[in-house]
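Only one structure is covered here, and it is reproduced in the block below.
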Amino acid sequence: MTAQLRARGDVAVLVPAAGAGLRLGPGGPKALRLLAGEPLLVHAVRRVAAAPSVRLIVVAAPAAEVEAVRELLAPVAPVTVVAGGAERQESVARALAQVPADIEIVLVHDAARALTPPDLIESVAAAVRDGHPAVIPALPVVDTIKEVDPGETVLGTVDRSVLRSVQTPQGFRHDVLAAAHAAAADHLTDDAGLVEKAGRPVICVPGSELAMKITRPLDLILAEALLNLG
Ligand code: CTP
Ligand code: MG
Numbered sequence: 018m019t020a021q022l023r024a025r026g027d028v029a030v031l032v033p034a035a036g037a038g039l040r041l042g043p044g045g046p047k048a049l050r051l052l053a054g055e056p057l058l059v060h061a062v063r064r065v066a067a068a069p070s071v072r073l074i075v076v077a078a079p080a081a082e083v084e085a086v087r088e089l090l091a092p093v094a095p096v097t098v099v100a101g102g103a104e105r106q107e108s109v110a111r112a113l114a115q116v117p118a119d120i121e122i123v124l125v126h127d128a129a130r131a132l133t134p135p136d137l138i139e140s141v142a143a144a145v146r147d148g149h150p151a152v153i154p155a156l157p158v159v160d161t162i163k164e165v166d167p168g169e170t171v172l173g174t175v176d177r178s179v180l181r182s183v184q185t186p187q188g189f190r191h192d193v194l195a196a197a198h199a200a201a202a203d204h205l206t207d208d209a210g211l212v213e214k215a216g217r218p219v220i221c222v223p224g225s226e227l228a229m230k231i232t233r234p235l236d237l238i239l240a241e242a243l244l245n246l247g
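Going by our numbering, the first residue of the sequence shown is number 18, and it counts up by one from there.
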């Protein structure tokens, strides 16, 4: 039985949260690491649950933590918790398997983007509702980007104006995401990449600085500062 958040919502949000957080350094699975006294996953799920279109939330937790994550999130929002897999893509596929066929919009949202505002979740969902099969939030790239060879010799400078830095939530028509995952051969770090490989159009909507991914120790410090601003 899947726990519903809002019967009138038309969106399911999958929250991959099963990663180890190796780049954050020692301290256990990243989704359970604390930011201002609360696990990243709690921050993330609270914001997802505040988005008015969301009917269902499915979290992919570290396999050893499924019961602990259920207990952790019970006071935050009604959520379904499944065991994640060894790769992000597998975690997403396991969460996707919990979404009933009558939900037509599915978003995939990293627990590590713990401060993503509910407005961004709504704007991605709205673009899918408007007819786009795959929608991703993106920001312009600020650094100059170089292409290098294996010896770190610069081969050239990439035209920054055509590059985007991509975030989550990534939104999809349910059938499009399911078909992309079913056809997936290689492991990719985002779901839109699977849809691109399937030859479907993916469009960008404006992302948010608050949707930054907490990856390295400095990101935790930045996230805490952002939290204090809000
Ligand atoms: N994720 C997941 N299952 C995996 C790997 C990653 O659900 N097998 C999730 C992470 O929990 C995170 C999101 O995918 O919310 C983005 O991954 P990333 O930022 O790379 O997190 P980790 O894999 O935990 O970090 P690292 O790569 O540093 O170990
Ligand atoms: Mg990872």
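Backbone N, C-alpha and C fix where the C-beta goes; we use that ideal spot for every residue, glycine too.
| field | Nearest candidate by alpha-carbon position, reference G26, set L124, A228 and V159 | value | Ranking the options by Cα distance to G26, first place goes to L124.
| message | Any heavy atom of the ligand CTP closer than 8 Å to the beta-carbon of V83? | response | False, no ligand heavy atom lies under 8 Å from that Cβ.
| message | Buried or exposed, going by whether 16 or more other CB atoms sit within 10 Å of the CB of K47? | response | Label assigned to K47: buried.
| CB-CB length for P33 against A85, believed under 8 Å | About 17 Å; that fails the 8 Å criterion.
| Alpha carbon to alpha carbon, how far is L237 from L243? | Note on geometry: alpha-carbon atoms of L237 and L243 lie some 10 Å from one another.
| message | Between the alpha carbons of T185 and V152, how many angstroms are there, rounded? | response | Taking the straight line joining both Cα atoms gives about 10 Å.
| said: Report the CB separation of Q115 from V75 in whole angstroms; it is logged as a contact under 8 Å. | reply: Contact between Q115 and V75 holds: their C-beta atoms lie close to 5 Å from each other, under 8 Å.
| task | Kindly indicate which three-state DSSP category R105 falls into: helix, strand or coil? | result | Shown here, R105 sits in a helix according to DSSP, grouped into three states.
| request: Can you tell me which of the three DSSP states K47 falls into? | output: If DSSP states are grouped into helix, strand and coil, K47 belongs with the helices.
| task | Check whether the segment 159-170 touches the segment 77-91, counting contact only when three or more Cβ pairs, one atom from each stretch, lie closer than 8 Å. | result | Counting Cβ pairs under 8 Å, fewer than three are found: no touch.
| said: Measuring alpha carbon to alpha carbon, tell me which residue in G216, L51, A81 and C221 is nearest P157. | reply: It is C221 whose Cα lies nearest to the Cα of P157.
| query | So the beta strand (DSSP E) R181 belongs to, where does it begin and stop? | reply | R181 to V183 is the span of the beta strand (DSSP E), which, as asked, contains R181.
| said: Between L211, E226 and R217, which has its C-alpha nearest V109's C-alpha? | reply: Cα-wise, what sits closest to V109 is L211.
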